[in-house]
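I have placed the structure first, in the form of structure tokens, so that the comments after it can refer back to it.
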Amino acid sequence: MEPSPRLTVRGLLDEPLMADARVVQGDDALDRALTWVLPLGEVVGRYDELAGVAVYVRPEVLGANLQAVSAVAARGAACLVVDGALPAAIASWPPGLPVVELDLPVGFAALNRLLAERSLMQEVHVMRYSAHVHSVLAGLLHRGAGLTLLIKEVSSLAQHPAVALDARGHAVAHHGIDPASIDEIAERIRAVSGPTSPDGRGHHDTRVVEATVAGVHWTCTASAIRLGKRFEGWVVVLAGGSTPGPHDLARHAVVTGQATAIIGSEMLRQRSVDEAEERARGDFVQALVHGSFASRHDMQARAEYHDIDLTSTFAVFVAAGYDENPAVSGTEGPGGLLRLARYAASVLPHPSVRSYVTVIGDVLVVVRSLRYRDARDAEAEIAEFADAVSADLSRRRGRPVPVAHGTPAAGADQIRESYRQARVALGIGQRMGMSGSVSYHDLRGYGVLELVAETERSRRFVEDVLGSLRPGSDLYDTLVAYLGAGGNVNAAARELDVHRNTMLSKLDRISRAMAMDVRAPENQFTAWLAVRLELLDHLHTAVEREINYL
-6 MEPSPRLTVR GLLDEPLMAD ARVVQGDDAL DRALTWVLPL GEVVGRYDEL AGVAVYVRPE
54 VLGANLQAVS AVAARGAACL VVDGALPAAI ASWPPGLPVV ELDLPVGFAA LNRLLAERSL
114 MQEVHVMRYS AHVHSVLAGL LHRGAGLTLL IKEVSSLAQH PAVALDARGH AVAHHGIDPA
174 SIDEIAERIR AVSGPTSPDG RGHHDTRVVE ATVAGVHWTC TASAIRLGKR FEGWVVVLAG
234 GSTPGPHDLA RHAVVTGQAT AIIGSEMLRQ RSVDEAEERA RGDFVQALVH GSFASRHDMQ
294 ARAEYHDIDL TSTFAVFVAA GYDENPAVSG TEGPGGLLRL ARYAASVLPH PSVRSYVTVI
354 GDVLVVVRSL RYRDARDAEA EIAEFADAVS ADLSRRRGRP VPVAHGTPAA GADQIRESYR
414 QARVALGIGQ RMGMSGSVSY HDLRGYGVLE LVAETERSRR FVEDVLGSLR PGSDLYDTLV
474 AYLGAGGNVN AAARELDVHR NTMLSKLDRI SRAMAMDVRA PENQFTAWLA VRLELLDHLH
534 TAVEREINYL
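The working numbering puts the first residue of the sequence shown at -6, with every later residue one more than the last.
Structure, rendered in structure tokens:
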């Protein structure tokens, strides 16, 4: 069943044409693969490898070219076929080279035709079986069979358990095997790197992996699922117990190789359906956090469709999807951000907890139901999840990522306010260089200032105090670092990585721009208040514009 080897030296000797053949040397090497036969005259004087090639020679030609036999053996010839009685002058042969003597000459043409016929028969046999496997699986796919039925049919064709793995090694469908054993087998398959073994010649990117799980020895024939140039997972046939023979392994390789395209297509279709449902659910989540339903009946109807309990207690978590420079680090686009949000929402899973994700602009949003109703327990649960999401995103991004959250929302009606609080907390956390869990409740001082930040009097105060200093400028950042260090010049200089004298010079320039000495304690408080009011006014305007679709 296998595309290679087509034939072995032992199999050649079993043919009727070779009935009178005698093995002179190399009985232990008769299982070498044999693909073609060439006369000695064509291989002498060349330097290419002869693996899988039988070298044919007449006795009289062999007597005149004894020195060439060693070279043929060194180049890896499968065997030497002498068409007639061996010359008596030959006393020894190169070690490791099988030598076959024919009592009655058969001729090169007959031997060459025999190997060609065997190769064609083997190829036709493989093609017919491949077409049969493909027809069976494609018929199931066209009739709407899902992954479970497809992998069940793969198991039936191979007469062994089978499993389909996604690109991360997670089982998406299996049949005939205990699910507890799949993870360890999948880990073993992922651990095997590099190309397929030489025997397989990379056929359908198939490899054979040995694994022992729970005392059971498994021989796993795994074919990679590739759609275009993208790797999507594996189709694996698992033979338990003793290692199957070459014919069975080749049959498993054909089954898994043909199944990759069919199962890969179904995985792609299912992923498209899941992503479409996720987008629809994401639209509903956006409507929840924006409070943009036509009526309460509209909200309840859509919630029932998406199987969301509106009476639960929820927490809203937000995190920045891009780095500070989106053009460099955010090249994955909205689809990549949505996948990132799904990965983040999957941390700390619990049977009684549901998470709903969406992406708003470049912000990842997770609305998660809470297990606890008690305020203290709910806050602990929220903080634990936020820290876990922050750790996961930080690992994926390679930088600290703050995850902000508002107060718990008792029912769907309060989700909008919880989201607004989370967005404000995220903006503050980013401006203050925070990481981990950032709670709006912990920023109570900002909450009080938020009540007056958007008033005209507050804006005049900010303009009068900060003067020409604008957010993002060097002097503004220096002022923020100085105030954050509690007025300690040395600490602020270390944070900004500048010399102390440079820091003092910048503070003098800041004092002139603000028309007051920022090193005086009362002026530091005034500057701190102006910076906080400016930040809150900016955040409040941005969040309100988004929530109200302005």
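Every residue gets a Cβ at the ideal spot worked out from N, C-alpha and C, and that includes glycine.
Keep in mind that this is a model prediction, so the values were computed, not measured.
>> Taking its Cβ as the centre, do 16 or more other Cβ atoms sit within 10 Å of P401, making it buried, or is it exposed?
In response: buried
> Name the DSSP beta bridge partners of S432, please?
Replying inline: H398
> What is the DSSP secondary structure of R463, reduced to helix, strand or coil?
Replying inline: coil
> Along the chain, which unbroken stretches of the beta strand (DSSP E) at least 3 residues long are found entirely within the region 341 to 365?
Replying inline: 348 to 353, 356 to 362
> DSSP on L31, reduced to helix/strand/coil?
Replying inline: strand
> When you compare each of V201, L0, T199, I353 to R557 by their alpha carbons, which one comes out closest?
Replying inline: In the structure displayed, the chain extends from -6 to 543; residue 557 sits before or after that span and is not available.
> Cβ of A506 within 7 Å of Cβ of M496?
Replying inline: no
> In the structure shown, what three-state DSSP assignment does R194 receive?
Replying inline: Because the pLDDT of R194 is 41, which lies under 50, any placement of that residue in the model is unreliable, and the number read from its coordinates should be weighed accordingly. Three-state DSSP puts R194 in coil, outside helix and strand.
>> By the three-class DSSP mapping on this structure, what secondary structure does I144 have?
In response: helix
>> Using the Cβ count rule (16 or more neighbours within 10 Å means buried), how would you classify E527?
In response: buried
> Where does T236 fall in DSSP's three states?
Replying inline: coil
> What span of residues does the beta strand (DSSP E) with A217 cover, start to end?
Replying inline: 209 to 220
> Which of the three DSSP states, helix, strand or coil, is assigned to L23?
Replying inline: coil
> Taking the C-alpha atoms as reference points, what is the distance between I301 and G284?
Replying inline: 15 Å
> What are the boundary residues of the alpha helix (DSSP H) that R181 is part of?
Replying inline: 172 to 184
> What is the DSSP secondary structure of F224, reduced to helix, strand or coil?
Replying inline: strand
> Between Y475 and the rest of its own chain, which residues show a CB-CB distance below 6 Å, the 5 nearest in sequence each way excluded?
Replying inline: A485
>> According to DSSP, Y49 sits in a beta bridge with which residue or residues?
In response: P32, V74
> Along the chain, where does the alpha helix (DSSP H) that runs through H153 open and close?
Replying inline: Neither: H153 is in no alpha helix (DSSP H) and is coded neither H nor E.
>> Which of the three DSSP states is assigned to H492 in this structure?
In response: coil
> Does the Cβ-Cβ distance between T249 and V228 come in under 7 Å?
Replying inline: yes
> Based on Cα-Cα distance, which residue from V165, G34, G69 lies nearest to F101?
Replying inline: G34
> Whose CA, out of H163, G4, I408, lies closest to the CA of V282?
Replying inline: I408
>> Which of the three DSSP states is assigned to F286 in this structure?
In response: coil
>> Counting beta carbon pairs with one atom in the region 68 to 78 and one in the region 36 to 55, are three or more of them shorter than 8 Å?
In response: yes
> Can we say the region 241 to 261 touches the region 148 to 162, given the rule of at least three CB pairs closer than 8 Å?
Replying inline: yes
> Which residues in the same chain as T351 place their Cβ atom closer than 6 Å to its Cβ, once the five residues preceding and following it in sequence are excluded?
Replying inline: G275, V278, Q279, V358
> Would A164 be called buried (16 or more neighbouring beta carbons within 10 Å of its own) or exposed?
Replying inline: buried
>> Here's the rule I'm using: 16 or more other beta-carbon atoms within 10 Å means buried, otherwise exposed. How should H398 be labelled?
In response: buried
>> For a test of the three-state rule: what should DSSP assign to V544, helix, strand or coil?
In response: Past the boundaries of the shown model lies residue 544; the chain is included only from -6 to 543, so the question cannot be answered.
>> Taking only three categories from DSSP, how would you classify T306?
In response: strand
> I375: which of E42, A308, E410, S428 sits nearest, CA to CA?
Replying inline: A308
>> Taking the alpha helix (DSSP H) that A166 belongs to, which residues open and close that run?
In response: Unbroken run through A166 is the beta strand (DSSP E), 164 to 168; no alpha helix (DSSP H).
> With 16 other CB atoms within 10 Å as the buried threshold, where does R416 fall?
Replying inline: buried
> Mapping DSSP to helix, strand and coil, what is L0?
Replying inline: strand
> Just checking my contact of A296 with L303 at CB under 8 Å: how many whole Å lie between their CB atoms?
Replying inline: 5 Å
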